[in-house]
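Taking full-length UniProt numbering, I'd label the letters of the sequence shown as residues 1 to 318.
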Amino acid sequence: MDIQTTKQIRIADYLHSLGYSPVKQQGINLWYKSPLREETEASFKVNTERNQWYDFALGKGGGIIELAQELYCSTCISYILQKIEEQTPHIRPVSFSFGKQSFSEPSFQQLEIVPLSSPALLSYLQERGINTELAKRECREAHFTNNGRRYFAIAFPNVSGGYEIRNRYFKGCIAPKEISHIRQSGKARETCYVFEGFMDYLSFLTLRQESCPNYPELDGQDYIVLNSVSNVSKALYPLGSYERIHCFFDNDRAGMEALRQIRMEYGRDLYIRDASQTYSECKDLNEYLQKQAERKGQIQSVKETHTQPPKKKNGFRL
């Protein structure tokens, strides 16, 4: 995707795909609580006619590229275009382009949250290497209508009653956008594992279950899922109650920046581990899981080949 194509994406649509909804509308201006920082009053404006944003508290503004630079803490244009392109397939389909809807029209109508059971969604999770029984325990299934058409997706709950949603074709958020904090019952845990997205969280659970099927100790620590690296500031306060923090972030600039922010806040007081070194040759933990599954499949295929009886041809063994 080139710069000109990227600039044609509506900022309001892009923010919506990230889980941010406007608080109010004044003519051609939409007002948001800033996605770049914590605030109680909406001071982040998007001019829908000019497709420009401005954050009054920061004194910064611009187009979609400048917004992504702030969100992903990078000035590298090629990297920024890549990050936006990763999101655009989930914005551009007509059924998920919200720009022509009225501000008052709900984005997700006739919403139902039910147990995760769709064969299509479970098949998608299996393709990503995820243990579906673990996914059923951690996730739900969202059914909703948009533009008169019915959709369904995996739904991962956050602490404010919203959901991260994903299926094979798109990902997004049912607002409000927030972190997910999974606390274990009983005695308070001293350690917290932190992930960027719920696919990486499910990947960790799957890897631990496979490596230690009898004693996986999945409840030996609490978990926080950021649901976006732009939410790292929201995780800083709850992380303060732990003695050890293990960060399973993506191996990219945004992941490094999220780790840096946590270390700046607690580096002198807490043990903070960069767990991404375990999968340093992969983009993220889910890619690592998929590669592990591929290797196991190849090994199993070789074993089966050597254990099968030799085939015969014209009475001779090959």
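All residues carry an ideal CB built from backbone N, CA and C; glycine is no exception. Quick caveat: nothing in here was measured; it's all calculated off a predicted structure.
Item to check | C173 classed as buried or exposed, judged by whether at least 16 other C-beta atoms fall within 10 angstroms | outcome: With at least 16 other beta carbons inside 10 angstroms of its own, C173 counts as buried.
Item to check | Contained beta strand (DSSP E) runs [length at least 3] in the segment 241 to 268, N- to C-terminal order | outcome: You should have 244 to 248.
Item to check | Q4, enclosing alpha helix (DSSP H) - first and last residue | outcome: Here the alpha helix (DSSP H) through Q4 covers I3 to K7.
Item to check | Integer-rounded CB distance, given that R140 should sit under 8 angstroms from L116 | outcome: The Cβ separation is near 6 angstroms, so the contact holds.
Next on the checklist: Please report the straight-line C-alpha distance between R295 and Y279, rounded to a whole angstrom.
Outcome noted: Using only the alpha carbons, I get a separation of about 15 angstroms.
Item to check | Rounded straight-line distance, which links the Cα of L15 to that of L36 | outcome: Going by C-alpha positions, L36 is about 11 angstroms away from L15.
Item to check | Under 9 angstroms between C-beta atoms of R189 and D222 | outcome: Yes, these two residues count as a Cβ contact at 9 angstroms.
Checklist entry - If you pair each beta-carbon of the segment 281 to 289 with each one of the segment 228 to 237, do three or more pairs fall below 8 angstroms? => result Segments in contact, no.
Checklist entry - Since V46 sits in a beta bridge, which residues does DSSP pair it with? => result For V46, which the question treats as bridged, DSSP gives the partners L30 and W53.
Next on the checklist: Nearest by alpha-carbon distance to V46: which of I80, S74, L259 and I9 is it?
Outcome noted: With distances taken between Cα atoms, V46 lies closest to I9.
Checklist entry - Do S276 and G255 come within 9 angstroms of each other at the CB atom, strictly closer than that value? => result Contact annotation: G255 and S276 have beta-carbon atoms nearer than 9 angstroms.
Checklist entry - Just the Cα atoms here: how many angstroms apart are E265 and G240? => result Those two C-alpha atoms are separated by around 9 angstroms.
Item to check | Boundaries (first-last residue) of the beta strand (DSSP E) holding E141 | outcome: Run containing E141: R140 to N146, per the beta strand (DSSP E) assignment.
Item to check | Residue range of the beta strand (DSSP E) that includes V225 | outcome: Its beta strand (DSSP E) spans residues D222 to V225.
Checklist entry - Can you tell which of I182, L18 and I272 has the C-alpha that lies nearest to the C-alpha of R137? => result When only C-alpha atoms are compared, the closest one is I182.
Item to check | Secondary structure of S180, DSSP reduced to three states | outcome: In the structure shown, S180 sits in a strand (DSSP, three-state: E or B).
Checklist entry - Is the Cβ-Cβ distance between residue 381 and I84 less than 9 angstroms? => result Missing from the structure shown is residue 381; the chain here goes from 1 to 318 and no further.
Checklist entry - Cβ atoms of F156 and Y118: under 9 angstroms apart, would you say? => result The question names Tyr, yet the displayed sequence has Ser at residue 118. Cβ atoms of S118 and F156: not closer than 9 angstroms.
Checklist entry - chain D beta carbons: is any one of them nearer than 9 angstroms to that of S118? => result Protein chains in the displayed structure number just one, and chain D is not present.
Next on the checklist: Which residue wins for smallest C-alpha separation from L270, given the options E217, C192 and F170?
Outcome noted: When only C-alpha atoms are compared, the closest one is C192.
Checklist entry - Just to confirm, are E257 and C73 a CB contact at a threshold of 9 angstroms? => result Pairing E257 with C73 gives a Cβ-Cβ distance under 9 angstroms.
Next on the checklist: Distance check for T206 and D274, CA to CA, integer angstroms please.
Outcome noted: The C-alpha of T206 is placed about 20 angstroms away from the C-alpha of D274.
Checklist entry - If we count Cβ pairs, one from each stretch, closer than 8 angstroms, do we get three or more for the segment 46 to 57 versus the segment 19 to 37? => result Taking 8 angstroms as the limit for Cβ pairs, the verdict is that the segment 19 to 37 does touch the segment 46 to 57.
Next on the checklist: Check for me: the alpha helix (DSSP H) holding Q82 runs from which residue to which?
Outcome noted: Per DSSP, the continuous alpha helix (DSSP H) segment holding Q82 begins and ends at I77 to Q87.
Checklist entry - What do you get for I77, buried or exposed, if any count of 16 or more other CB atoms within 10 angstroms of its CB means buried? => result So I77 counts as exposed.
Next on the checklist: Considering only the alpha carbon of each residue, which of D252, I224, N251 and F249 lies closest to Y242?
Outcome noted: Nearest of D252, I224, N251 and F249 to Y242, Cα basis: I224.
Next on the checklist: Once DSSP output is grouped into helix, strand and coil, what is the label at E294?
Outcome noted: Per DSSP, reduced to three states, the secondary structure at E294 is helical.
Checklist entry - Does the beta-carbon of E133 have 16 or more other beta-carbons within 10 angstroms, so that it is buried, or is it exposed? => result Around the Cβ of E133, a 10 Å sphere holds fewer than 16 other Cβ atoms; the residue is exposed.
Item to check | Start-to-end residues for the alpha helix (DSSP H) that takes in P204 | outcome: Residue identity check: residue 204 is Phe in the sequence provided, not Pro. For F204, the enclosing alpha helix (DSSP H) covers residues F198 to S211.
Next on the checklist: Counting C-beta neighbours from all protein chains within 10 Å, is the total for G161 16 or more, i.e. buried, or is it exposed?
Outcome noted: Classification of G161: exposed, given that the 10 Å Cβ count is below 16.
Next on the checklist: Let's test the definition: count the other Cβ atoms within 10 Å of the Cβ of K177 and tell me whether it reaches 16, buried, or not, exposed.
Outcome noted: It counts as buried.
Next on the checklist: Please report the distance separating the alpha-carbon of I11 from that of Y32.
Outcome noted: Roughly 12 angstroms between the two C-alpha positions.
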